[in-house]
Amino acid sequence: MSDDVHTPSPGASCDEDALAAAWHRLTVRYHRLHCEIDRTLEASHQISGSEFEVLELLAAQPDCSLRMSELAGQVHLSQSALSRLVAGLEKNGFAQRTMCENDRRSVFTALTAAGRDLYERARPVQRAILRAATVDADTGSLCGADDFRAAATPVESGARVSTR
């Protein structure tokens, strides 16, 4: 999903009630999916969905490392919650924090070999949950995101968008 905000052209508008209903459906589906990921990863690998998300972000980097400030910008956690989460990963040997040599105010978090192994084992579990949650196999809409996008599309004056 993009961070870009869609601005309708002048004179165009969307059905705000349909948009609000689609938003509600999307957030309910998202939270249910997030809870399923949390429950399943906790049962199978003793990590939360948020911990998996951090491991995945680190694993995606060429050097498996990110500044804490960059990591904070990519997760849904507050700075203090992220710090506690990374401290837990570090305590369990899945991540390591180091100070930046050039700027002692910056802290880097890196994936350890054990963290990489955990991520590789947990990844198929998370992906299976996402695959199962795909609403429309033809479009690949996850959690009904396409419904929300359609509701936000400007409509002709007087036209209604379905709220299903």
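Residue numbering for the sequence shown is 6 to 169, as defined by the working numbering.
Ideal Cβ positions, reconstructed from N, Cα and C, are used throughout, including at glycine.
Host beta strand (DSSP E) of residue i (start-end)
i	result
residue 113	112 to 116
residue 2	Nothing can be reported for residue 2: it is not among the residues displayed for the chain, which extend from 6 to 169.
Three-state secondary structure assigned by DSSP to residue i
i	result
residue 3	Outside the modelled stretch of the chain, which goes from 6 to 169, sits residue 3, for which no answer is possible.
residue 133	helix
residue 139	strand
CA-to-CA distance, residue j to residue i, given in whole angstroms
i	j	result
residue 2	residue 47	Since the first residue shown for the chain is 6 and the last is 169, residue 2 is missing from the structure and cannot be characterised.
residue 38	residue 89	23 Å
residue 8	residue 79	Confidence at residue 8 is low in this model, with a pLDDT of 49, below 50, so its placement is unreliable and the value that follows should be read with caution. Cα-Cα distance, rounded: 12 Å.
residue 197	residue 104	Since the first and last residues shown for the chain are 6 and 169, residue 197 lies out of range.
residue 137	residue 84	32 Å
residue 125	residue 135	16 Å
residue 26	residue 41	23 Å
residue 59	residue 75	11 Å
residue 53	residue 110	28 Å
residue 28	residue 158	13 Å
residue 49	residue 62	20 Å
residue 132	residue 30	22 Å
residue 71	residue 114	6 Å
residue 139	residue 44	18 Å
residue 57	residue 127	8 Å
residue 64	residue 87	17 Å
residue 21	residue 81	26 Å
residue 33	residue 116	32 Å
residue 77	residue 55	12 Å
Residue interval of the alpha helix (DSSP H) (run including residue i)
i	result
residue 86	84 to 96
residue 65	Careful: residue 65 lies outside any alpha helix (DSSP H) and carries neither H nor E.
Residue i Cβ short of 7 Å to the ligand PLP heavy atom set
i	result
residue 105	The ligand PLP is not part of this structure, which contains no ligands at all.
Residue i at chain D interface by Cβ criterion, 8 Å
i	result
residue 103	Looking at the structure shown, chain D is missing, and only one protein chain is on hand.
The segment 88 to 98 in contact with the segment 110 to 126 per 3-pair CB rule at 8 Å:
yes
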